[in-house]
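Structure record follows, encoded as structure tokens.
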Amino acid sequence: MKNKMMRLSNETMNIGFVKKVESLSGSSVRRCFQCGKCSAGCPMSAFMEHPPNRIVRLLQLGQWERVLAGRSIWYCASCETCTTRCPNKVDLASIMDALRKLSWDADGPSKESYVQLANRLFIENIRTYGRQYELRLGAAFNMKSGQFLKDLMLGPKLLSKGKLKMFHSKNRNIAQIEGIFKRIEEMRKKGEAL
Amino acid sequence: MHAEQVKHDFEPKVVAFVCTWCTYAGADLAGTSRMQYPPNVRVLKFPCTGRIDPVFILRAFQKGADGVLVSGCHPGDCHYMAGNFHARRRFAAFRALLDFVGVDLNRLQFSWVSAAEGGKWVEVVTELTERVRGMGPMKEFKELELEEQWSASLSTPELKAAYDSIT
Amino acid sequence: MTPKKRLNYSYYPGCSLHASGREYDISTRALFKALGLGLKEVPDWFCCGATPAHNVDELLSLSLCAKNLKMAEEVEGDLAVACAACFSRLKHAQHKITHDETRRRQVETAIDGPADVKKPVKHILEILAREVGLAKLEENVKKPLLGLKVACYYGCLLTRPPEVPELDDCEDPSIMEDILRALGAEPVQWSHRMECCGANFTLSRPGVVMKLSNAILDSAQFAKADCIMVACPLCHGNLDIRQESIENKNQASYELPIFYFTQLVALALGVPSTDLGFDSVIIDPRPLLREKQLI
Amino acid sequence: MSRIGVFVCHCGENISRTVDVEQVAAAAGNIPGVAFSCDYKYMCSDPGQNLLKKAIAEHNLTGVVVAACSPRMHEKTFRKAAGAAGLNPYVCEMANIREHCSWVHENREMATAKASDIVHLMVERVKKGKSLAPITVPVTKKALVIGGGIAGIQAALDIADAGHQVLVVEREPSIGGHMAQLSETFPTLDCSQCIMTPKMVDVANHPNITLYSYSEIEKVEGYIGNFQVTVRKKARSVDESKCTGCGVCIAKCPKKKIPNEFDQGHGMRSAIYVPFPQAVPNTPVIDRENCTMFQSGKCGVCAKVCGPGAVDYQQEDTLTVESIGAIVVATGFKLYSIDRKPEGSMIQGYGEFGYGTIPDIVDGMTFERLASASGPTGGKILRPSDGKEPKQIVFIQCVGSRAREKGISYCSKICCMYTAKHTMLYHHKVHDGQAYVFFMDARTPGKGYDEFWRRAVEEEEAVYIRGMVSRMYQKGDKIIVMGSDTLVGVQVEIEADMVVLATAVQPQEGADLLAQKLGISYDKYNFYSEAHAKLKPVECATAGIYLAGACQGPKDIPDTVSQASAAAAKVMTLFAKDQLERDPVVAKVNEKYCVGCFACKKVCPYGAIEEKEIKDRQGNVVKVIAYVNPGVCGGCGTCQATCPSKTVELDGYTDEQIMAMIETL
Ligand SMILES: Cc1cc2nc3c(=O)[nH]c(=O)nc-3n(C[C@H](O)[C@H](O)[C@H](O)COP(=O)(O)OP(=O)(O)OC[C@H]3O[C@@H](n4cnc5c(N)ncnc54)[C@H](O)[C@@H]3O)c2cc1C
Ligand SMILES: Cc1cc2nc3c(=O)[nH]c(=O)nc-3n(C[C@H](O)[C@H](O)[C@H](O)COP(=O)(O)OP(=O)(O)OC[C@H]3O[C@@H](n4cnc5c(N)ncnc54)[C@H](O)[C@@H]3O)c2cc1C
Ligand code: SF4
Ligand code: SF4
Ligand code: SF4
Ligand code: SF4
Ligand code: SF4
Ligand code: SF4
Ligand code: SF4
Ligand code: SF4
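And the structure:
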């Protein structure tokens, strides 16, 4: 995909997708003039196959598949450096959020499953417990990602320092939290929110 | 260009308030290029759209215009730098007023026609004329004027009685 | 030592402070006590969603924060927040909800009620430097941190983007250094004060964290710092818990203790070191503190 | 009672082909007030004009309507003819039945009806029209040039060479502006001072030029041809008429460690100083802030050593009022500074570049001084922190410019070129060094410009990197530059010894204040606005004031000089006449009814409306009303449409005239 020639036409440029990104992020995509300042300061740029400025460029061209295909968007650390320094006030960090959301909804054509998995578990944790339960998060992640031995050495150390709790009590507001999740799901079903 | 011109049952009156520098010259260009458009429009020349008082537009409607066009230089091209800018602001408020008194805003058109846009002049005039033709004669204000004349004339018995009682 | 009028704060500790960042919580409470400030935890608060939520679902993130802010209304005093990530999320939510009408309406549907998010949210750094005041801190120093060379690490979330947290200049903050100077310590000039540590990749992509955090540790060492001071449990986790593996991987030796600023401030104000959770960090800071005759 | 004459033209067949001209003339004859009507084959021909003249005399006409082509074509012709027949030219109007009628319609019946309507409109207009006299104003043939950079110098010399008196007012102790600071200039790399100083000397020696250096504009009153300008001559503390420029005072002054502004703070000067050796005038000035005498009352060395006794510590500012006919504004620019910006400023700083705290990050003008043979390093490129020669030098373009987030969205136009120049100068001076340039675009339109840039890349071996820099920090004695190369799609890190920023061109400090004194308009950045972007690029909207150089927008020297000469030509055009005559279409205020709300004043694009006090016999102010300065009014009529009490009226377009036209519909 990356090296294939781009054929541009009204059909291949998905502007509807770009509009969605703009609406979710509240930031213009067209304003970017490709200075690359975002990529220059991005701590994760080196890990991405498309540096941030190219993500915006691909969006300008409506090339949503290319944007979502790689792991780039999942490798953004949300550090806001790009947003802070962009000469055109392109809110790239929010654009990244929006892209991840759209990819997530579409069950992501992305290759980056680890980050997605961690996010999923984290959010599941909120829904079940109300607060983060790090031991479960770590354990579940290792189980599901098949890296049973990952960070194995850290666990006991942290437990002994009191940094990990063996047990977790449920939050008393758990019903409210469930309500929030439910209502958001409903809104989306009804098309009231993206 | 636009081939014409048979007489229709209803020939609307269209009045155009234009600025000297851009739209008047644009209309001249349409002429020198021998373009064709409906002969319903009467052009009133102003130095600048900034000079156009909304009262003129009201008066034109009262005097039988079925459509009014206000046209000047493109934003930023005003011969007087900012006259058209003030005009735009004035007309924005004025439209609301017209709407309020019940004038169909489709009868009033604002546009920008530069000295080089003979074609655009033809388009704008043709479109407005045809639109207004479709809408039929403008009645509201003509009735208003008739009323005014009525109340201004001394011949009605009611008025006469009223006057007599004062003197 | 008690301020004339007792300042009271509501408190949102956030998930990490109840777990991996517990010494941050312990030292914050100790510090507030020492300063005579009231600190009451918002009952039954829940997770702000942190990075993972806004990462894939901004609306969820905004809603969770809005709900927490509403619950905070029940407790007296401005909302004090210690964790930089929670602070950033809560401020973001406030900013977004007040500036974006559509989002506000969606959030109101989600939390089933009006989104009253006006309660001032303050980072503890702000409370120390601006509300207690540097002069007052200086006055109350019992044990000046003389000779302690500290690299103040802000991370990415405390000041960015400029319109949101409004804590300090977004590119060149000085609030941590100002506080340290008031305590008699010696903040070093260094380059990586605001570089990202890789925060939320700690679970999914530890390799990334190792690389980014290594650069931070390296820069602090280059500046001849004795230790690093942080304001975020995620930064702390990455720099402290992973320090050993970072050293191994990069054949480096840092041995840089990582302090929460609350620990150092409290120490200077005379809180006994045993009350500050020094025993629960990985790189033991006590040898350094002993060397500088601070404990 | 009006006696109007209507003349309907056939234009050969151009009109008569579709319009029944005879019928139009006949219909016109029936309009009340029309005393005469006829049609004729070619109205603009001599016989046609004679017909008009004869009719005016024979029928004692009070107004004329020529129904023919567009007034843009022949209004002048017929007004002149009417004038020759003794009629006021402004009661002669044209009804446009060619461009607006016969040429654009085919239906003869409808075209004829329309033509009649157009004639009727114009008849009503002329009936309500007034005789107008052209406005004449005298012209004072003396020009004022504000700012003594290359723009001001060029304009002053051109006007003075044409034989007119010129006053040059320069704020600094010497004229020369930024060009005097430059080392070599693109695109030819000639030495700036070599081409600049002779011109400066010409200004000093020109019999028609009076130079007010170290002076500022205090007040401007009046209008085109007739300005009254008050100039404040700041106290120099040295009597210019006595000083011989020997420089002994400078040599002896004990206060010597003051950073020299001319060298961007990188060289030193004394408290009594001339900014640079070739300064014009070559009279020193005492910097009172830094002089021991002024600060503590001790010293007085300079006065003691001065042979002619020119030093005068008691000297005070003096005000002079001058009568001026035309003004050229040439106040130039300043460079954006990356420092932290003051609270409330709309322009932000560059924290990511260290807010100006890293000593070896300098701006382009500093690099010019370092590269200049007469600069603080004698032309060697040495970095400020330790005087070492930088072996890796990074240039960054578009700093502050094209960055709406920082508050400036325009392109500064000159920096691509001067950066290319800098890489060349660097390469010429540091043979084993490497120059890198971070750029987004290379904007090099201009004769020989792109070739110049290509030479920097191809022959002078500058490495151009397409991308921006996100951050810089000091590490040891290196500056770490973190940028990106968007063409490769990777981050770039360079350990630089020195960094040069191509910072944005901004209007001069206080440009807005000067504009307010002059009554000229300026944009949101404070650049002065020209009257028309394309066709009046040197005129201000305010008549009699012209623009030259970078005060109007970023410009390089060739553009600056062209505009300066153009401004001078405009001044000479004005001075070619003794009296100014202009179209009498101007607004007038009816003093009786004006309520003094000044709604008109707010909208007037020309600033023609002034406040006028009406006094009773005892001299008490009874009311303040609007007054339109006819010398300034452009005749747009915006005031009239705005005035709530309809008391300001535009001659030639009165409400009465327009209403009368509308009544015919
Ligand atoms: C780093 C750098 C390198 C450059 N290199 C080149 C080059 O190689 N080739 C090239 O063509 N161009 C170059 N330029 C551009 C060139 O400097 C400008 O085009 C030129 O100086 C503009 O001249 P000016 O007279 O309009 O303005 P200025 O030179 O700024 O002169 C304005 C004058 O007005 C005075 N003044 C300001 N305000 C007032 C006031 N209120 N009252 C009285 N006096 C006032 C100032 O003191 C100053 O003397 C360079 C510019 C920079 C920044
Ligand atoms: C596609 C295009 C778009 C443009 N758009 C813009 C724009 O949007 N805005 C803008 O500012 N500029 C624009 N320009 C530039 C603009 O056209 C020029 O700046 C401008 O026309 C130059 O005017 P001129 O009088 O110097 O030359 P010309 O317009 O070329 O006029 C030269 C005249 O001299 C006559 N002539 C030539 N040789 C002789 C001779 N030996 N004897 C007698 N007469 C001779 C020619 O017949 C011609 O009439 C555009 C140019 C192009 C090509
Ligand atoms: S910094 Fe902004 S303008 Fe520059 S490439 Fe990135 S998004 Fe585009
Ligand atoms: S927010 Fe994401 S894309 Fe932006 S600089 Fe940080 S890591 Fe890079
Ligand atoms: S006056 Fe105008 S319309 Fe009449 S002949 Fe002359 S050019 Fe033609
Ligand atoms: S002030 Fe006196 S000493 Fe100084 S330069 Fe002038 S004449 Fe010479
Ligand atoms: S009086 Fe001032 S200027 Fe003169 S020599 Fe002394 S310090 Fe220098
Ligand atoms: S001239 Fe070049 S360097 Fe200067 S602002 Fe424009 S593009 Fe940037
Ligand atoms: S708007 Fe009319 S009434 Fe008001 S000051 Fe102007 S002329 Fe006078
Ligand atoms: S006519 Fe136009 S220029 Fe003249 S005073 Fe009125 S608003 Fe000003």
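Order-wise, the sequence lines are chains A, B, C and D. The numbers in the working numbering rise by one with no breaks, and the one at position 149 of the first sequence is 149. The numbers in the working numbering rise by one with no breaks, and the one at position 136 of the second sequence is 136. The numbers in the working numbering rise by one with no breaks, and the one at position 272 of the third sequence is 272. The numbers in the working numbering rise by one with no breaks, and the one at position 527 of the fourth sequence is 527. We put the beta carbon where it would ideally sit given N, CA and C, even for glycine.
By the criterion of a C-beta distance shorter than 6 Å, D/A504 is surrounded in its chain by Y336, G400, S401, I408 and S412, once the five residues flanking it on both sides are discounted.
Taking 8 Å as the cut-off between beta carbons, the residues of the region 102-136 of chain D near chain B are W103, V104, H105, E106, N107, E109, M110, A111, A113, K114, D117, I118 and L121, in sequence order. Using a cutoff of 8 Å, the CB of D/G300 counts as near ligand 7, since one of the ligand's heavy atoms is closer than that. Spanning the alpha carbons of B/R89 and B/T49 requires a straight line of approximately 11 Å.
C/V141 is positioned such that its CB atom lies closer than 9 Å to that of C/G184. A distance below 8 Å between beta-carbons, with the five flanking residues on each side excluded, links D/F527 to the following residues of its chain, in chain order: P507, A511, C551, Q552 and G553. Around D/A456, the same chain offers A420, T423, M424 and A462 as residues with beta carbons nearer than 6 Å, after the five sequence neighbours per side are excluded. When beta bridges are read from the DSSP output, A/G155 appears opposite no residue. Looking at the DSSP output, D/K623 bridges to D/I614. In this structure, ligand 1 has no non-hydrogen atom nearer than 8 Å to the beta-carbon of D/Q397. At least one beta carbon of chain B lies nearer than 9 Å to the beta carbon of D/V603. The distance from the Cβ of D/A626 to that of D/G596 is about 7 Å, consistent with a contact at the 8 Å cut-off. The closest heavy atom of ligand 8 lies 8 Å or more from the beta carbon of D/S345. The alpha helix (DSSP H) runs lying completely inside the region 543-620 of chain D and spanning 4 residues or more are 557-575 and 599-603, given in chain order. Residue state for B/F46 is assigned as strand, using DSSP reduced to three classes. When secondary structure is reduced to three states using DSSP, D/T320 falls in the strand class. A/W64 has a beta carbon lying at 9 Å or more from every beta carbon in chain C.
Spanning the alpha carbons of D/A502 and D/C398 requires a straight line of approximately 6 Å. For B/G118, there is no enclosing beta strand (DSSP E); the residue is found in the alpha helix (DSSP H) stretching over G118 to M135. At least one CB atom of chain B sits nearer than 9 Å to the CB of D/C636. Collapsing the DSSP output to three states places C/P233 in a helix. The closest heavy atom of ligand 7 lies 8 Å or more from the beta carbon of D/M268. In this structure, DSSP gives D/G225 a state outside helix and strand, which the three-state scheme calls coil.
For the C-beta of A/A46, the chain D residues within less than 7 Å are, from N- to C-terminus, Q491. Residue-level contact by beta carbon holds for C/M71 and chain A, with a gap shorter than 9 Å. With respect to D/T188, D/G364 sits apart: the two C-beta atoms are not nearer than 9 Å. Shown in chain order are the members of the region 50-68 of chain B whose Cβ falls below 9 Å from a Cβ of chain D: G50, R51, I52, D53, P54, V55, F56, R59, A60, Q62, K63, G64 and A65.
Inclusion of C/T28 and C/Y260 in the CB contact set at 9 Å is warranted, their separation being smaller than that value.
As the crow flies, the alpha-carbon of B/M138 is around 5 Å from that of B/D66. At a cut-off of 9 Å between C-beta atoms, B/F46 counts as an interface residue with respect to chain D.
As summarised for the region 475-513 of chain D, the continuous beta strand (DSSP E) elements at least 3 residues long and confined to that stretch are 478-485, 490-496, 498-503 and 505-507, given in chain order.
Ligand 4 never approaches D/L513 closely enough for any of its heavy atoms to be under 8 Å from the residue's Cβ.
Residue state for D/E93 is assigned as strand, using DSSP reduced to three classes. Between D/F227 and D/G325, the CB-CB gap stays under 9 Å.
For the region 318-380 of chain D, the continuous alpha helix (DSSP H) assignments of 4+ residues that do not extend past its boundaries occur at 364-371, in sequence order.
Assignment of alpha helix (DSSP H) within the region 201-286 of chain C, counting only whole runs of 4 or more residues, yields 206-222, 233-236, 243-250 and 261-268 in chain order.
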